[in-house]
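The structure appears below as structure tokens.
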Amino acid sequence: MINRLIILMLLATPVRAAEIIVTFLPENPGQRFGADMGWTGDVNGDGVDDFLVIDSYQAGNGYSGRAYVYFGGPQFDEEPDLILQQDASGRLEQALEGPFDFNGDGFGDLAVSSPSYDIDGMANAGAVFIYFGGPELDAVADHVIPGPWRDNYFGELIARAGHFNTEDDYDDIVVKKPGIRGWTTPPTVEVYLGGPSPSLESAWGRQYADYGDDSNGAVAFAGDTNGDGADDLIVGIPWKDGWTGGFAAGEVKILHGGELMWNGGFPYQILFCDQALLGTSADGAFDFNGDGYDDVIATAPYIQESRLILGDADPSSATVLSLIPGENTAGLGDVDGDGFDDLAITDLDGAVWIFLGGAEPDTLPDQVIRAEPSETWMWLDVARAGDFDADGLDDIAVRASWHDEGYVYDSFVRLYRGIGGAVETPLDTPGLPVLSYDGSTPNPFNAHVEICYSLGVESLAHVRLFDARGRLVRTLFDGMQTIGSHAVTWDGRDECGRGLPSGVYFVQVLGQGRAVGGRVTLVK
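Note that the working numbering has the sequence shown beginning at 8, numbered continuously upward.
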């Protein structure tokens, strides 16, 4: 059971300016540049972190996709230092985030996958390609793990598994095997052990969801969440129904390594909620509160919330924090140099929110990254970038679609410098606040209450009500709204039209990646 759940109701804190390091652009327009991306650790042996970007639609060899590797350091440019590409039988789509030393030679390695790759006449069997790093790193795969049968789509997702088995010092890799896109074969994850001569056979596997429940679910490295010395994994099951009856509430499950690897894993859900789709995006292997246990973050995009699960020796007593927003997410490492790892969450309105860790962390964001004035951002993703510019602070990677009046890039990937020592700037610009809660009347109320709020920019807005236990009981508005003052009326009933008991209820208004709110009291 979850022992503590904290709901964020107010979000009004100064933010810090983010500085651009470099923007990586696609070779041609109309591509899927940034389909996956991530920090690789040091793959060329120069002591500095490197970065990889997948373009799954890059023309050439029949749209086979390409992986671009950029070497970090104080001196760098926008051109890739290495390009990985396979033949036309399947597109490169996924990349493994490092650091990842699969063969144990002390250098970081690269791993990319092509779920639709053809193997020995088996269409869409899938394959994972691993490249051993070092000063002589090249574009020829050193180890290839093939999918076992036709239409297996092996490698739909891949992730580092760390020291999952604890019997050696080699990094392992986890591969998602969904069957035919997860609908006819129960989804499984399989771990392949690293070593100087790694095997093509998996050492461990787990069916973790029912047919179809894992569609668009995450698979990620969790780090050591329970402090037993073995690394763990995260799997998202967005379409799993809730324990309390909610349709597609979603679930995120931590699969423990080491002696616990044969257990069923420990699940977390958002209770009393329909269509949250928790587990659509997830990440781990960051210590947000500095207690020595790695933590996990997972998003529920249909309600635009995230759950931060703080690691604990006893998973049943783990603290779970609720953060806003809830689109895509990543653990970041230490971006402000205070010794605590940090995290990022994107929203629906084109912003990336940075939450700084601490010994007693709160649920308020400390920085926002937005588009430059000449840009329009859509479909954001975020990832850790390691210390790409070698300045001692971990950096932040953002992938966004973007266009201007002169030329169209379907997407770019931009790295932002860590924010240590940056000057704080106010959240709102002069004039009408971007978002404000203007009170509710009458309060207390019996039959109806009018909930008032204002928007300083045209924006998606969401007005929701929670009970005192943090359960979502009603969504009053969900859509675009114009600049100005607005009001919605609540009749004291839940989403199904049932009357609710007397008590205190929490109002939450979301817009522009922010949340404000207050309380209303229902008296019968």
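For glycine and all other residues, C-beta sits at the position ideal for the given N, C-alpha and C.
Subject >> Close Cβ partners of Asp301 (< 7 Å) along its chain, the five nearest in sequence each way excluded >> reply: Counting from 1 along the sequence shown, the entry for residue 301 is found at position 294. Here the set comprises Ala229, Gly230, Asp231, Thr232, Gly291, Ala292, Phe293, Asp294, Gly318.
**OP:** Assuming Ala337 and Val375 form a contact by the criterion Cβ under 8 Å, report the distance between their Cβ atoms to the nearest whole angstrom.
**Re:** Within the sequence shown, numbered from 1, the residue matching residue 337 stands at position 330. Within the sequence shown, numbered from 1, the residue matching residue 375 stands at position 368. At roughly 15 Å, the Cβ-Cβ gap does not stay under 8 Å, so Ala337 and Val375 are not in contact.
Original post:
From Ile137 to Ile277, what does the alpha carbon distance come to, in whole angstroms?
Top reply: Along the sequence shown, read from residue 1 onward, the residue named residue 137 stands at position 130. Along the sequence shown, read from residue 1 onward, the residue named residue 277 stands at position 270. Approximately 37 Å between the Cα atoms of the pair.
Subject >> Those residues which DSSP pairs with Leu472 across a bridge >> reply: To locate residue 472, count along the sequence shown from 1; it is residue 465. Looking at the DSSP assignment, Leu472 forms a beta bridge with Arg481, Val514.
**OP:** Just the C-alpha distance for Leu1 and Glu208, rounded to the nearest angstrom, thanks.
**Re:** Coverage of the chain is limited to positions 8 through 531, which leaves residue 1 absent and any answer about it impossible.
Original post:
Where does Trp246 land, buried or exposed, given buried means 16+ other C-beta within 10 angstroms?
Top reply: Translated into positions along the sequence shown, residue 246 becomes position 239. With 16 or more Cβ atoms within 10 Å of its Cβ, Trp246 is classed as buried.
Subject >> For Phe382, the first and last residue of its enclosing beta strand (DSSP E) >> reply: If you number the sequence shown from 1, residue 382 lands on position 375. A quick correction: the sequence has Glu, not Phe, at residue 382. From DSSP, Glu382 is part of no beta strand (DSSP E); its letter is neither H nor E.
Subject >> Beta-carbon spacing of Ile426, Val516 below 9 Å >> reply: Within the sequence shown, numbered from 1, the residue matching residue 426 stands at position 419. Within the sequence shown, numbered from 1, the residue matching residue 516 stands at position 509. If you check the CB distance, Ile426 and Val516 do not come in under 9 Å.
Original post:
Of the choices Pro122, Ala283, Val464, Gly272, whose alpha-carbon is the least far from that of Trp156?
Top reply: By 1-based counting over the sequence shown, the position of residue 156 is 149. Selected option, being the one with the closest Cα: Pro122.
**OP:** Quick one: grab the DSSP three-state call for Leu262.
**Re:** Here residue 262 refers to the residue found at position 255 when the sequence shown is read from its first residue. DSSP places Leu262 in strand when its eight states are reduced to three.
Original post:
DSSP on Pro322, reduced to helix/strand/coil?
Top reply: Here residue 322 is taken as the residue at index 315 of the sequence shown, counted from 1. Helix at Pro322.
**OP:** Quickly, what does DSSP pair Glu197 with across the bridge? List them, please.
**Re:** Residue numbering aside, residue 197 sits at position 190 when the sequence shown is read from its first letter. For Glu197, which the question treats as bridged, DSSP gives the partners Val182, Gly212.
Original post:
Per DSSP, Ile361 is paired with what?
Top reply: For this step, residue 361 is matched to residue 354 along the sequence shown. In DSSP, Ile361 forms a bridge with Ala351, Gln374.
Original post:
According to DSSP, which residues form a beta bridge with Met487?
Top reply: The residue you call residue 487 lines up with position 480 of the sequence shown. Looking at the DSSP assignment, Met487 forms a beta bridge with Leu467.
Subject >> Close-in-space but distant-in-sequence residues of the same chain around Gly111 (CB under 7 Å, 5 per side omitted) >> reply: Taking the first residue of the sequence shown as position 1, residue 111 is located at position 104. A distance below 7 Å between beta-carbons, with the five flanking residues on each side excluded, links Gly111 to the following residues of its chain, in chain order: Asp176, Tyr177, Gly201, Gly202, Pro203.
Original post:
Does DSSP put Leu267 in a helix, a strand or coil?
Top reply: By one-based count along the sequence shown, residue 267 stands at place 260. Three-state result, Leu267: helix.
Subject >> Three-state secondary structure assigned by DSSP to Thr306 >> reply: Residue mapping note: residue 306 aligns to position 299 of the sequence shown, counting from 1. In the structure shown, Thr306 sits in a strand (DSSP, three-state: E or B).
Original post:
Closest by CA to Gln65, which one among Ala166, Ile152, Gly79, Gly37?
Top reply: Looking up residue 65 in the sequence shown gives position 58. Out of Ala166, Ile152, Gly79, Gly37, Gly37 has the C-alpha closest to the C-alpha of Gln65.
**OP:** Please report the Cβ distance between Val259 and Gly236, rounded to the nearest whole angstrom; I am assuming they are in contact, meaning their Cβ atoms lie under 8 Å.
**Re:** Walking along the sequence shown from the start, residue 259 turns up at place 252. Walking along the sequence shown from the start, residue 236 turns up at place 229. No, Val259 and Gly236 are not in contact; Cβ-Cβ is about 23 Å, not under 8 Å.
Subject >> Proximity below 9 Å, CB of Leu472 to CB of Tyr423 >> reply: Translated into positions along the sequence shown, residue 472 becomes position 465. Translated into positions along the sequence shown, residue 423 becomes position 416. Taking 9 Å as the Cβ cut-off, Leu472 and Tyr423 do not qualify as a contacting pair.
**OP:** Have a look at Lys183 and Thr448 and give me their C-alpha separation to the nearest angstrom.
**Re:** Counting from one through the sequence shown, the residue named residue 183 turns up at place 176. Counting from one through the sequence shown, the residue named residue 448 turns up at place 441. When rounded, the distance between both Cα atoms is 52 Å.
**OP:** State the CB to CB distance for the pair Leu103 and Arg167, rounded to an integer number of angstroms; the pair is presumed to be in contact (CB under 8 Å).
**Re:** Counting from one through the sequence shown, the residue named residue 103 turns up at place 96. Counting from one through the sequence shown, the residue named residue 167 turns up at place 160. The Cβ separation is near 6 Å, so the contact holds.
**OP:** Classify Ile27 as buried or exposed, calling it buried when 16 or more other Cβ atoms lie within 10 Å of its own Cβ.
**Re:** Position 20 of the sequence shown, counted from the start, is the residue given in the question as residue 27. The residue is exposed, with fewer than 16 neighbouring Cβ atoms inside 10 Å.
Subject >> Distance, Ala210 Cα to Glu174 Cα >> reply: What you label residue 174 is simply residue 167 of the sequence shown in a count that begins at 1. What you label residue 210 is simply residue 203 of the sequence shown in a count that begins at 1. In a straight line, the C-alpha of Glu174 is about 12 Å away from that of Ala210.
Original post:
By Cβ distance below 6 Å, which residues in the same chain neighbour Asp394 in space, the five residues on each side in sequence not counted?
Top reply: As a working note, residue 394 is residue 387 in the sequence shown. Excluding sequence neighbours, Asp394 sits near Asp56, Asp401.
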